[in-house]
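Working notes, structure below.
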């Protein structure tokens with residue numbers, strides 16, 4: 001959270017996969033720093049457990065255009081939602097792909113340079 005994301009109190013953090021243990025920890029750390037927190041889970045029943053976030057979001061797999069101001073994002077779902085996360089964050093944001101909760105370990109045809117450019121086009 002601190003070394004790779006360079007998380008600071010001025011950041012708006014998107015935690016995708018927020019209802020897992022790592023997600024809860026990310027929310028707690030960001031809350032302690034004073035960050036704004038957007039927590040997303042695909043499990044509707046888990047939304048109340050994300051009450052410490054500023055915004056709890058039901059993740060349908062498409063957050064592009066729904067969120068604004070996201071400057072940092074640990075991608076806990078992984079390859080399944082990475083492309084969408086890259087599009088959902090602000091230009092210059094940092095996304096750290098750290099998980100495979102989505103069960104997909106490989107992102108077919110992923111070219112980081114092209115994907116990042118497409119996200120900001």
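Numbering (this note's numbering), first residue to last: 1 to 121.
Idealized CB from N, CA, C, for every residue including glycine.
Alpha helix (DSSP H) containing residue i: first to last residue?
i          : result
residue 87 : 82–88
residue 30 : 21–33
Spatial neighbours of residue i within its chain, please: C-beta separation below 7 Å, excluding the five flanking residues on both sides.
i          : result
residue 11 : 35, 71 and 72
residue 16 : 40, 59, 73, 75, 76, 77, 81 and 85
residue 67 : 14, 38 and 88
residue 49 : 19
residue 97 : 75, 78 and 82
residue 4  : 96
residue 47 : 41, 56 and 58
residue 44 : 58
Please work out which residues of its chain come closer than 8 Å, Cβ to Cβ, to residue i, disregarding the five sequence neighbours upstream and downstream, and give them in chain order.
i          : result
residue 93 : 70, 71, 72 and 73
residue 9  : 33, 34 and 35
residue 6  : 72 and 94
Given a threshold of 16 other Cβ atoms within 10 Å of its Cβ, counted over all protein chains shown, does residue i qualify as buried or as exposed?
i          : result
residue 13 : buried
residue 25 : exposed
Between which two residues does the beta strand (DSSP E) containing residue i stretch?
i          : result
residue 57 : 55–58
residue 16 : 12–16
residue 74 : 72–75
residue 45 : From DSSP, residue 45 is part of no beta strand (DSSP E); its letter is neither H nor E.
residue 94 : 94–97
When the Cα of residue i is compared with those of the options, which residue comes out closest?
i          : options           : result
residue 55 : 2, 39 and 68      : 39
residue 52 : 44, 31, 45 and 42 : 31
Looking only at its chain, what residues have a beta carbon closer than 6 Å to the beta carbon of residue i, apart from the 5 residues adjacent to it on each side?
i          : result
residue 42 : 59
Pairs of beta-carbons, one from the stretch 19–30 and one from the stretch 59–66, closer than 8 Å: are there three or more? no
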